[in-house]
Amino acid sequence: HQGSEDIFWEGQIKSVENAWIDMAKLFVSYRCDPRIPNHQNILPHDLAEKSECHKMAAYLEKEYKERLREPIDHASAAAKNDELIEAARENNIEKITKLLKNHVPMLPISAEKDPLVEAIRNGCQNAVFFLICAGTPICNCSIDDLTPLEAAHNTLGLPAIFPAMMRKIYSDRLIAERSKIPQSEDLHLQLAEGLDNIQKSILEKGDKSRWHILPDSGDRSKQARKILVDASELGLSLTVQLLGLEDFELRPNHNEASPIEKAQEKDHYDTLYALCRDLKLCPYAKLRKSNEIMERLEEDLCIAECIIFKKYAPAEYVLLLLDIDEDKVQDFLEQALKP
245 HQGSEDIFWE GQIKSVENAW IDMAKLFVSY RCDPRIPNHQ NILPHDLAEK SECHKMAAYL
305 EKEYKERLRE PIDHASAAAK NDELIEAARE NNIEKITKLL KNHVPMLPIS AEKDPLVEAI
365 RNGCQNAVFF LICAGTPICN CSIDDLTPLE AAHNTLGLPA IFPAMMRKIY SDRLIAERSK
425 IPQSEDLHLQ LAEGLDNIQK SILEKGDKSR WHILPDSGDR SKQARKILVD ASELGLSLTV
485 QLLGLEDFEL RPNHNEASPI EKAQEKDHYD TLYALCRDLK LCPYAKLRKS NEIMERLEED
545 LCIAECIIFK KYAPAEYVLL LLDIDEDKVQ DFLEQALKP
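Here the working numbering is used: the first residue of the sequence shown is 245, the next is one more, and so on.
(1) From G450, K506, Q443, pick the residue whose C-alpha is nearest to that of K470; which is it?
(2) Helix or strand or just coil, what does DSSP make of D491?
(3) Sorted by chain position, which residues of the same chain lie with C-beta nearer than 8 Å to E543's C-beta, five sequence neighbours on each side aside?
(4) Any contact of the segment 494-510 with the segment 425-442, i.e. 3+ C-beta pairs under 8 Å?
(5) Would you say the segment 385-404 touches the segment 419-429, given that touching needs at least three Cβ pairs under 8 Å?
(6) Drop a sphere of 10 angstroms on the beta-carbon of F406, count the other beta-carbons inside from all chains shown, and report buried for 16 or more, exposed for fewer.
(7) Which same chain residues end up closer than 6 Å to A332 when comparing Cβ atoms and leaving out the 5 residues on each side of it in sequence?
(8) Where in the segment 372-441 do unbroken runs of the alpha helix (DSSP H), each at least 4 residues long, occur, reported from the N-terminal end onward?
(9) Nearest CA to the CA of R454: which residue from I425, I413, L489?
(10) So, for I552: in the same chain, excluding its five sequence neighbours on each side, which residues have a beta-carbon less than 7 Å away from its beta-carbon?
(11) According to DSSP, is G450 helix, strand or coil?
(12) Please determine whether the Cβ atom of E338 lies at a distance below 6 Å from any heavy atom of the ligand MG.
(13) Along the chain, where does the alpha helix (DSSP H) containing Y556 start, and where does it finish?
(14) What alpha helix (DSSP H) runs, 4 residues minimum, are completely inside the segment 311-351?
(15) What is the rounded straight-line gap between the Cα of E310 and the Cα of M410?
(16) For D235 and H512, what's the separation of their Cα atoms in angstroms?
(17) Below 7 Å between beta carbons: does that hold for L472 and P503?
(18) Report yes if the CB atom of V272 is closer than 7 Å to the CB atom of E307, and no otherwise.
(19) Could you round the C-beta distance between L516 and I547 to whole angstroms and report it? I think they count as a contact, below 8 Å.
(20) Report the residue from I457, L487, K449, E509 whose alpha carbon sits nearest the alpha carbon of E477.
(21) Mapping DSSP to helix, strand and coil, what is H298?
(22) To the nearest angstrom, how far is the alpha carbon of H245 from that of A263?
(23) Quick one: Cα of S320 to Cα of L431, how far?
Okay, structure coming up:
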């Protein structure tokens, strides 16, 4: 009943709907960006419209269109990832906040350190909470061969709250992903059983937990690839990352479904990015129809390549990229690829 009645907000009596709109205005005033889609690649105003919150949708769409006039410089933002890592090490919440507001990505493909792992290793509890609330990946292993869960359990001198906290965070995320599996279908039975088992195992064993596929179930890697495809289709990013930790051959054979394609078809951008970053799957293994999500991925991959190139290439080649002269870059690549 309380949810249906008028409420007292900012010194005035307002309807619940208008109070939520005021809450959204407050978030936007603190630079929450309505141009950023959620983990399912859905924009805030589309999500509000889907929930039949029409006034909220109208307000968010208006803010979205106004901000489209201010393009985000993703390349400059990605180049500041090292500053984010340093801020995480120092437990500098103010600097982390400033960098995230300026669209600095938390874990791009070009990253050489994971800010969440660095915060855990240095016992920075506030930074850990802040990064997790901001949506940082919680199971990356492609940088230091060490996941945040493993860092929390194996760093000497950390308070017991760190491993307990990471177990709980993993468990909650897996429960949320488990809820996305359709209850009425048996198509994802192996995926559902695997998620149930590893979620309970993480609570009990922490970083010693593993995704088990029984040896008597035939080709274990083939079974794992089937589970990976199902998880990619449903947008289960943490599940995808956990499968990547195991000793399975996850690259699809020529006659098998591609997890990259499944994630692309359903617009699961975070999952698509995790497949490329954490599992090292190639987004160009098969020719596929380009769409908005693939264009976004290609832009991010290009930015990552340029950052890595500038960092490690000889100085005379770096000069070619300073103004991103596409003709010069193309000429350089053609020369480099000649036999």
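Even for Gly, the Cβ is constructed at its ideal location relative to N, Cα and C.
Straight from the coordinates:
(1) On the sequence shown, residue 470 is found 226 positions in, with the first residue counted as 1. If we check each option's Cα against that of K470, K506 comes out closest.
(2) Here residue 491 refers to the residue found at position 247 when the sequence shown is read from its first residue. It is coil, neither helix nor strand.
(3) By one-based count along the sequence shown, residue 543 stands at place 299. Scanning its chain for C-beta atoms nearer than 8 Å, with the 5 sequence neighbours on each side dropped, one finds around E543 the residues H318, in chain order.
(4) They do not touch, by the three-pair rule.
(5) With a cut-off of 8 Å, the segment 419-429 and the segment 385-404 do not count as touching, because too few Cβ pairs lie within range.
(6) Start at 1 with the first residue of the sequence shown, and residue 406 comes out as number 162. With 16 or more Cβ atoms within 10 Å of its Cβ, F406 is classed as buried.
(7) On the sequence shown, residue 332 is found 88 positions in, with the first residue counted as 1. Once the five neighbours on either side are set aside, the close Cβ partners of A332 are P359, E362, A363, A371.
(8) Runs of the alpha helix (DSSP H) inside the segment 372-441: 392-398, 405-422.
(9) Your numbering for residue 454 matches position 210 in the sequence shown. That would be L489, whose Cα lies nearest to the Cα of R454.
(10) The count along the sequence shown starts at 1 and reaches residue 552 at position 308. Residues S354 of the same chain have their beta carbon placed closer than 7 Å to that of I552, with the five preceding and five following residues left out of the count.
(11) Here residue 450 is taken as the residue at index 206 of the sequence shown, counted from 1. In the structure shown, G450 sits in a helix (DSSP, three-state: H, G or I).
(12) The model depicted lacks the ligand MG and carries no ligand whatsoever.
(13) Position 312 of the sequence shown, counting from 1, holds the residue named residue 556. Where Y556 is concerned, the enclosing alpha helix (DSSP H) stretches over 536-556.
(14) Those alpha helix (DSSP H) runs which fall completely within the segment 311-351 and span 4+ residues are 318-322, 325-333, 337-345.
(15) The residue you call residue 310 lines up with position 66 of the sequence shown. The residue you call residue 410 lines up with position 166 of the sequence shown. Note on geometry: alpha-carbon atoms of E310 and M410 lie some 39 Å from one another.
(16) Nothing about residue 235 can be reported from this structure: the residues present for the chain run from 245 to 583 only.
(17) As a working mapping, residue 472 is identified with position 228 in the sequence shown. As a working mapping, residue 503 is identified with position 259 in the sequence shown. Yes; because the gap between Cβ atoms is below 7 Å, this pair is in contact.
(18) As a working note, residue 272 is residue 28 in the sequence shown. As a working note, residue 307 is residue 63 in the sequence shown. In contact: V272 and E307 (Cβ atoms closer than 7 Å).
(19) The count along the sequence shown starts at 1 and reaches residue 516 at position 272. The count along the sequence shown starts at 1 and reaches residue 547 at position 303. The C-beta distance from L516 to I547 rounds to 16 Å, too long to meet the 8 Å contact threshold.
(20) In the sequence shown, residue 477 corresponds to position 233, counting from 1. Measuring from the Cα of E477, the nearest candidate turns out to be E509.
(21) Position 54 of the sequence shown, counting from 1, holds the residue named residue 298. Reduced to three states, the DSSP call for H298 is helix.
(22) By 1-based counting over the sequence shown, the position of residue 245 is 1. By 1-based counting over the sequence shown, the position of residue 263 is 19. With a pLDDT of 33 at H245, under the threshold of 50, the predicted position of this residue should be treated as unreliable, though the coordinate-derived value follows. Taking the straight line joining both Cα atoms gives about 16 Å.
(23) Mapped onto the sequence shown, residue 320 falls at position 76. Mapped onto the sequence shown, residue 431 falls at position 187. Going from the Cα of S320 to the Cα of L431 covers about 43 Å.
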